[in-house]
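In structure tokens:
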């Protein structure tokens, strides 16, 4: 991991800043603090939990990939395990704006892909847009989620999205991050294909049944998975490629390092991610190899 900009830490006590730098500059850091790391940093800071998360927001926002807007948004999500996950907005030049990942989506999908089945709270440096409020309405345990902004009391999603439309209105019981999984199988020895299949089996697609997963391999052999996160309102759904790209960037890598990709999706789904996956990867680098498997 590249050295962290010291200016992002100068508002924190020196000893805490040094501890954060040591963790984040480690080659093993991949965009989140374990529960043990976070509790240790929090105690060392002598700040309240809310104050400390707000103090970490500039670090999260600095990870934004936003050359179109140059508007850096950061988010910090705490999973039920106590681990803390960074998130930041992502914009990809050369493709339509629908491929954008919002900071809240970034932090939430980050936590989800690392095994969390719910969130305690999410801290953001700007008020969530309507798109993100709707995205959060799909979450498992959303009624217990605290949403924290600078200089304001914590909100519930009900405060920000009254009279909401969600899965229950479509008679859907499944929730994003819920303890559900698919059981698709594929006889292929490729590690990249196996990774994409694993992501497919994590996917949440109760409205189209387009269970799908993407795996990206970098030139150094690292692999990043992404599962499809569908939403009752359709448009806020997060495609599997964006979920994988999010993990790649939060781990300190760059898009030009992608060497090849695999998309696996359900053949009986009512939509497909193939065209958008191909066009987005083409915009990033025309030489990226893409394998497509329909099950």
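In the UniProt record's numbering, the protein residues as written are 1 to 295.
We put the beta carbon where it would ideally sit given N, CA and C, even for glycine.
- In this chain, the beta strand (DSSP E) harbouring residue 79 covers 74 to 79.
- Secondary structure note for residue 265: its beta strand (DSSP E) is the uninterrupted segment 258 to 265.
- In this structure, residue 260 lies away from residue 293, with their beta-carbon atoms at least 9 Å apart.
- Counting along the chain, the unbroken alpha helix (DSSP H) around residue 52 starts and ends at 49 to 61.
- Cα atoms of residue 258 and residue 218: separation of roughly 4 Å, rounded to the nearest angstrom.
- In this structure, DSSP gives residue 243 a helical state, which the three-state scheme calls helix.
- 128 is the residue among 13, 195, 128, 115 whose C-alpha sits nearest the C-alpha of residue 149.
- As DSSP reads the structure, residue 216 sits in a beta bridge with 224, 261.
- By the 16-neighbour rule on beta-carbons within 10 angstroms, residue 211 is buried.
- A straight line joining the alpha-carbon of residue 158 with that of residue 48 spans about 25 Å.
- Taking the Cα positions, residue 15 is about 11 Å away from residue 22.
- A Cβ-Cβ distance of about 5 Å is found for the pair residue 112 and residue 177, placing them in contact under the 8 Å criterion.
- Collapsing the DSSP output to three states places residue 168 in a helix.
- Under the DSSP assignment, residue 291 falls outside any alpha helix (DSSP H), being part of the beta strand (DSSP E) whose first and last residues are 289 to 294.
- Taken atom to atom, the span from the alpha-carbon of residue 165 to that of residue 108 is near 20 Å.
- In the same chain as residue 119, and ignoring 5 residues on each side of it, the C-beta atoms closer than 8 Å to its own belong to 77, 78, 79, 80, 108, 111, 139, 141, 145, 177, in chain order.
- The beta carbon of residue 93 sits closer than 8 Å to the beta carbons of 67, 68, 283 from its chain, once the five residues preceding and following it are set aside; these are given in chain order.
- Around the Cβ of residue 10, a 10 Å sphere holds fewer than 16 other Cβ atoms; the residue is exposed.
- Going by beta carbons, residue 134 and residue 225 fall outside the 9 Å limit.
- For residue 84, the enclosing beta strand (DSSP E) starts and ends at 84 to 88.
- Restricting attention to 17, 82, 83, the CA atom closest to the CA of residue 58 is found in 17.
- By the Cβ neighbour-count rule, residue 213 is buried, with 16 or more other Cβ atoms within 10 Å of its own.
- Only residues of its own chain outside the window of five on either side were considered, and among them 251 have a CB closer than 6 Å to the CB of residue 30, listed in chain order.
- For residue 12, the three-state secondary structure derived from DSSP is coil.
- The beta carbon of residue 208 sits closer than 8 Å to those of 230, 269, 270, 271, all from its chain and outside the five residues before and after it, given in chain order.
- Residues 206, 207, 232 of the same chain have their beta carbon placed closer than 8 Å to that of residue 172, with the five preceding and five following residues left out of the count.
- In chain order, 65, 66, 67, 68, 69, 100 place their CB closer than 7 Å to the CB of residue 91, counting only its own chain and leaving out the 5 sequence neighbours on each side.
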